[in-house]
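Undergrad:
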Amino acid sequence: AQTVTQSQPEMSVQEAETVTLSCTYDTSESDYYLFWYKQPPSRQMILVIRQEAYKQQNATENRFSVNFQKAAKSFSLKISDSQLGDAAMYFCAYRSGEGSNDYKLSFGAGTTVTVRA
Amino acid sequence: NAGVTQTPKFQVLKTGQSMTLQCAQDMNHNSMYWYRQDPGMGLRLIYYSASEGTTDKGEVPNGYNVSRLNKREFSLRLESAAPSQTSVYFCASSEATSGLIYEQYFGPGTRLTVT
Chain A
11 AQTVTQSQPE MSVQEAETVT LSCTYDTSES DYYLFWYKQP PSRQMILVIR QEAYKQQNAT
71 ENRFSVNFQK AAKSFSLKIS DSQLGDAAMY FCAYRSGEGS NDYKLSFGAG TTVTVRA
Chain B
197 NAGVTQTPKF QVLKTGQSMT LQCAQDMNHN SMYWYRQDPG MGLRLIYYSA SEGTTDKGEV
257 PNGYNVSRLN KREFSLRLES AAPSQTSVYF CASSEATSGL IYEQYFGPGT RLTVT
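So the sequences go chain by chain: A and B. Just add 10 to wherever you are in the first sequence, counting from 1, and you've got our numbering. Just add 196 to wherever you are in the second sequence, counting from 1, and you've got our numbering.
1) Count the other CB atoms within 10 Å of the CB of Met228 (chain B); is the residue buried (16 or more) or exposed (fewer)?
2) One question on the structure: do Gln221 (chain B) and Leu308 (chain B) come within less than 9 angstroms of each other, judged by their Cβ atoms?
3) Return the CA-CA distance between Asp41 (chain A) and Tyr47 (chain A), expressed in angstroms with no decimal places.
4) Between the stretch 54 to 79 of chain A and chain B, which residues of the former have CB atoms less than 7 angstroms from a CB of the latter, in chain order?
5) Taking only three categories from DSSP, how would you classify Ser283 (chain B)?
6) On the premise that Arg232 (chain B) lies in contact with Val256 (chain B), defined as a C-beta separation below 8 angstroms, what is that separation, rounded to the nearest angstrom?
7) Go through its chain and collect everything with a Cβ distance to Thr282 (chain B)'s Cβ below 6 angstroms, but skip five positions before and after it.
8) Run through DSSP, which three-state label would Leu94 (chain A) get?
9) For Glu248 (chain B), which residues in the same chain have their Cβ closer than 8 angstroms to its Cβ, ignoring the five residues on either side in sequence?
10) Whole angstroms are fine: how far does the CA of Phe78 (chain A) sit from the CA of Phe85 (chain A)?
11) Under 8 angstroms between beta-carbons, which chain B residues line up against Tyr113 (chain A)? List them in chain order, please.
12) For Thr103 (chain A), which three-state DSSP category applies?
13) What does Met223 (chain B) touch in chain A if you count any residue whose Cβ is under 7 angstroms from its own?
14) Would you identify the three-state DSSP class for Met215 (chain B), choosing helix, strand or coil?
15) Starting from Val23 (chain A), trace the beta strand (DSSP E) both ways and give me its first and last residue.
16) Tell me which residue opens and which closes the beta strand (DSSP E) that Val256 (chain B) is part of.
17) Taking any Cβ of chain A, which residues in the stretch 202 to 214 of chain B have a Cβ under 8 angstroms from it, in chain order?
18) Check whether the Cβ atoms of Tyr301 (chain B) and Ile242 (chain B) lie closer than 9 angstroms to each other.
19) Could you give the C-beta distance for Gln93 (chain A) and Glu25 (chain A), rounded to a whole number, given that I count them as a contact under 8 angstroms?
20) Does Phe270 (chain B) get closer than 9 angstroms to chain A when you measure Cβ to Cβ?
21) Can you tell which of A:Ala97, A:Lys114, A:Gly95 has the C-alpha that lies nearest to the C-alpha of Ala103 (chain A)?
22) Between which two residues does the beta strand (DSSP E) holding Met228 (chain B) run?
23) Closest to Val123 (chain A) by C-alpha separation, out of A:Thr13, A:Ala69, A:Tyr100, would be which residue?
In C-alpha cells:
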C-alpha cells in the first residue's frame, strides 16, 4: 500500500477564516488519483474533492480547493470561509491509476478540524 | 436510493464468538471493499472484491474472511473474534472502469466491540 501522511492531527479555525490541511504521499507511480474525504461526527464518509495526477490545474469545489504539487508529492486542502458544518475529521487518500483494476484507497491518519464560533 | 447499507450498526461480541457483517449496494457497482478504522490510523483495507466472483486481501486481512455473494452483496466474517478487532468497520463500493476516476461510496459503518 502507498504511504499517505497527514502530519497535523488537529487544526482549529475561526468561523469565516481559512484553514489548510497538509497531506504528503509516497509513490513511484506517475498515474494516480488523490482524494479528500470528510467524516463528521455522524461517521459518514463524504467525498470533498478529487484530483487526477495528470492534471496540472488544481481542483476546486466551492469553498474547498487543493494545492497539488506533484514533484513534492504534496496534496493540501484549503477550506475558505470556514463554517461550523465544516467541523469534522478529514482524510487524504491515494488511489493507484497504473494498470490498476481494483481501485482501492490508501488513507492518511486524518486531521480533526474544529471550527470556533 | 439507499446507496451502501451495512448491518448491524453496533455489535458487542465476546472473545471467540463469530459474526458476519453484511453490506449491500444498489448502485450496480463492480467493486466493493471492507475497511477498518482505528483511532490515529485512518482507514485500512481488510479485503476487497474488484468484481463479482473475485476477492483479494488488503492491508490487514488476518482474522477475517469475505464472501462476494453477488454483485450487490459483500460480507465480512470474523470466525473467532479478538479484542484487537474492536474497531469501526466500513463497507464501500465503486465503479471500476479503467481510465476513469470514480469515487468510493461508503456505508454508515459498524461499531464492533470485542470484550
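Don't be surprised by glycine CBs; every beta carbon is placed ideally from N, CA and C.
TA: Looking at the coordinates:
1) Taking the second sequence and counting its residues from 1, the one referred to as residue 228 (chain B) is at position 32. Result: buried.
2) Looking up residue 221 (chain B) in the second sequence gives position 25. Looking up residue 308 (chain B) in the second sequence gives position 112. Not closer than 9 angstroms, so no.
3) Residue numbering aside, residue 41 (chain A) sits at position 31 when the first sequence is read from its first letter. Residue numbering aside, residue 47 (chain A) sits at position 37 when the first sequence is read from its first letter. So the alpha carbons of these two residues sit roughly 20 angstroms apart.
4) Of all residues in the stretch 54 to 79 of chain A, the ones placed with a Cβ closer than 7 angstroms to any Cβ belonging to chain B are Gln54, Met55, Leu57, Arg60, Glu62, in chain order.
5) Here residue 283 (chain B) is taken as the residue at index 87 of the second sequence, counted from 1. When DSSP states are grouped into helix, strand and coil, Ser283 (chain B) belongs to the strand group.
6) For the purposes of this step, residue 256 (chain B) is taken as the residue at position 60 of the second sequence. For the purposes of this step, residue 232 (chain B) is taken as the residue at position 36 of the second sequence. Indeed they touch by this definition, with Cβ atoms about 7 angstroms apart.
7) Taking the second sequence and counting its residues from 1, one reaches residue 282 (chain B) at position 86. Excluding sequence neighbours, Thr282 (chain B) sits near Thr309, Val310.
8) One-based indexing of the first sequence puts residue 94 (chain A) at position 84. The answer is helix: DSSP assigns Leu94 (chain A) an H, G or I state.
9) Stepping through the second sequence from its first residue, residue 248 (chain B) is reached at position 52. Taking Glu248 (chain B) as the centre and dropping the five residues before and after it, the same chain places the C-beta of Asn226, Arg264, Asn266, Lys267 closer than 8 angstroms to its C-beta, in chain order.
10) The residue you call residue 85 (chain A) lines up with position 75 of the first sequence. The residue you call residue 78 (chain A) lines up with position 68 of the first sequence. If you take the alpha carbons of Phe85 (chain A) and Phe78 (chain A), they lie about 5 angstroms apart.
11) On the first sequence, residue 113 (chain A) is found 103 positions in, with the first residue counted as 1. Neighbours of Tyr113 (chain A) on chain B, chain order: Ser227, Ala246, Ser290, Ala292, Tyr298, Gln300.
12) Translated into the one-based positions of the first sequence, residue 103 (chain A) becomes position 93. This sequence places Ala at residue 103 (chain A); Thr is not what is there. Ala103 (chain A): strand per DSSP, three-state reduction.
13) Here the question's residue 223 (chain B) lines up with position 27 in the second sequence. Here the premise fails: no neighbours, minimum Cβ distance about 14 angstroms.
14) Within the second sequence, residue 215 (chain B) is the residue found at index 19, counting from 1. Met215 (chain B) falls in the strand class under three-state DSSP.
15) Here the question's residue 23 (chain A) lines up with position 13 in the first sequence. Unbroken beta strand (DSSP E) run through Val23 (chain A): 20 to 24.
16) As a first step, residue 256 (chain B) must be located in the second sequence, where it is residue number 60. Looking at the DSSP string, Val256 (chain B) is not in any beta strand (DSSP E), and its letter there is neither H nor E.
17) Using a CB distance below 8 angstroms, no part of the stretch 202 to 214 of chain B faces chain A.
18) Here the question's residue 301 (chain B) lines up with position 105 in the second sequence. Here the question's residue 242 (chain B) lines up with position 46 in the second sequence. No, Cβ-Cβ distance for Tyr301 (chain B) and Ile242 (chain B) is not below 9 angstroms.
19) Numbered from its first residue, the first sequence carries residue 93 (chain A) at position 83. Numbered from its first residue, the first sequence carries residue 25 (chain A) at position 15. About 7 angstroms; that satisfies the 8 angstroms criterion.
20) One-based indexing of the second sequence puts residue 270 (chain B) at position 74. No - not a single Cβ of chain A is within 9 angstroms of the one on Phe270 (chain B).
21) By one-based count along the first sequence, residue 103 (chain A) stands at place 93. When each option's Cα is compared against that of Ala103 (chain A), the closest is A:Lys114.
22) By one-based count along the second sequence, residue 228 (chain B) stands at place 32. In the DSSP assignment, Met228 (chain B) falls within the unbroken beta strand (DSSP E) covering 227 to 233.
23) In the first sequence, the residue the question calls residue 123 (chain A) occupies position 113. Val123 (chain A) has its Cα closest to that of A:Tyr100, out of A:Thr13, A:Ala69, A:Tyr100.
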